[in-house]
Amino acid sequence: MKNLFVAVFILFVAVVQAQTVTKYSPKDLESWQSLGAGLGYVTHNQFMMEEVEGSIGFMIFSPEKYNDVVLRYEVMTMNPATVLVALLNASDMGNSIGLTISDDNKGSFGFWTKEAEDYMFGFRVVAHNSTPFLRKHPATEGESTTIGLAEKDMMHSGWRHTVELGKKGKKLWLKIDDETVIDVTDEKPLDAGKISIRVRGTAGILGKSMIRNLEIIGEPVK
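All residue numbers for the sequence shown refer to my numbering, where the first residue is 731 and numbers rise by one.
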């Protein structure tokens with residue numbers, strides 16, 4: 731009887747701790763909301779994101795909102811000028827977990843730094859003369875927006891890398907190819923919001939990247 735009780739208890743704990751894993755195929759990503767001048771389409775069983783002339787950044791957004799969440803996928807940049815950024819917990823300022831984007835927003839980077847709340851993970855940013863970073867918008871009063879900065883760059887143009895961005899409670903992290911490059915604590919964590927993936931070029935060269943095997947681990951928030 732004691733062994734049975736222990737087995738039932740372990741099963742109960744496992745069920746409680748289980749997390750929802752949602753996998754998105756390249757075809758699924760075609761239906762995500764987009765922002766900015768760019769194209770998102772399936773090629774060679776991967777999801778291509780690329781800017782077009784006049785672009786100031788091209789983004790896609792998850793259908794659901796999340797609080798504690800892990801975003802994991804494989805990505806390859808198609809040229810050295812491409813910059814890759816992803817957002818967690820992106821929402822309107824204040825208590826809302828909604829995300830309002832006006833019709834005249836053409837993908838401005840400034841919107842995410844000044845008019846929205848988000849955790850911004852920059853993991854392929856060498857073309858902007860930076861190592862991978864984590865920024866919080868808006869910044870906690872009296873603190874810098876940059877709450878995490880990696881010691882070195884780890885991604886190479888034309889190589890496929892696995893990236894993982896996560897938030898659990900006050901803990902946030904960034905992994906590249908299973909190596910943790912940023913691991914920080916935010917004492918005043920943001921509420922739930924959407925996930926976004928962004929591609930941008932540099933110095934007049936358009937950004938291009940290909941994604942596959944994307945999964946989101948976490949419970950959607952209504």
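Ideal placement from N, C-alpha and C gives every residue a C-beta, glycine not left out.
The structure presented is a predicted model; accordingly, all values stated were derived computationally and were not measured.
Pro810 and Ser887 - do their beta-carbons sit closer together than 8 Å?
On the sequence shown, position 157 is the one that residue 887 refers to. On the sequence shown, position 80 is the one that residue 810 refers to. Cβ atoms of Ser887 and Pro810: closer than 8 Å.
Near Ala880, which residues of its chain fall below 6 Å by C-beta distance, leaving aside the five closest residues on each side in sequence?
For the purposes of this step, residue 880 is taken as residue 150 along the sequence shown, with counting starting at 1. So the list reads Thr861, Pro862, Val911 and Ile912, once near-sequence residues are dropped.
Could you please give the first and the last residue of the uninterrupted beta strand (DSSP E) stretch that includes Trp903?
By one-based count along the sequence shown, residue 903 stands at place 173. Run containing Trp903: Lys901 to Ile906, per the beta strand (DSSP E) assignment.
Using 10 angstroms around the beta-carbon of Trp889, count the other beta-carbons present and answer buried if the total reaches 16, otherwise exposed.
On the sequence shown, residue 889 is found 159 positions in, with the first residue counted as 1. Flag for Trp889 reads exposed.
Mind reading off the beta-carbon distance from Ala922 to Asn797? Whole number of angstroms is fine, and I expect it under 8 Å.
Residue 922 sits at position 192 when you count from the first residue of the sequence shown. Residue 797 sits at position 67 when you count from the first residue of the sequence shown. Indeed, because the Cβ distance is near 4 Å, the residues count as touching under 8 Å.
In this structure, what does DSSP give as the bridge partners for Asn950?
As a first step, residue 950 is located in the sequence shown; it is residue number 220 there, counting from the start. What sits at residue 950 in the sequence shown is Pro, not Asn. In the DSSP output, where bridge partners are listed per residue, Pro950 has Tyr796.
Rounded to whole angstroms, how far is the Cβ of Met940 from the Cβ of Met823, which I believe are closer than 8 Å?
The count along the sequence shown starts at 1 and reaches residue 940 at position 210. The count along the sequence shown starts at 1 and reaches residue 823 at position 93. A Cβ-Cβ separation of about 33 Å leaves Met940 out of contact with Met823 under the 8 Å criterion.
Just how far apart, CA to CA, sit Glu751 and Gly784?
Numbered from its first residue, the sequence shown carries residue 751 at position 21. Numbered from its first residue, the sequence shown carries residue 784 at position 54. It should be noted that the sequence gives Val, not Glu, for residue 751. Taking the straight line from one Cα to the other gives about 37 Å.
So, is the C-beta of Trp762 closer than 8 Å to a C-beta in chain C?
No chain C is part of this structure, which consists of one protein chain only.
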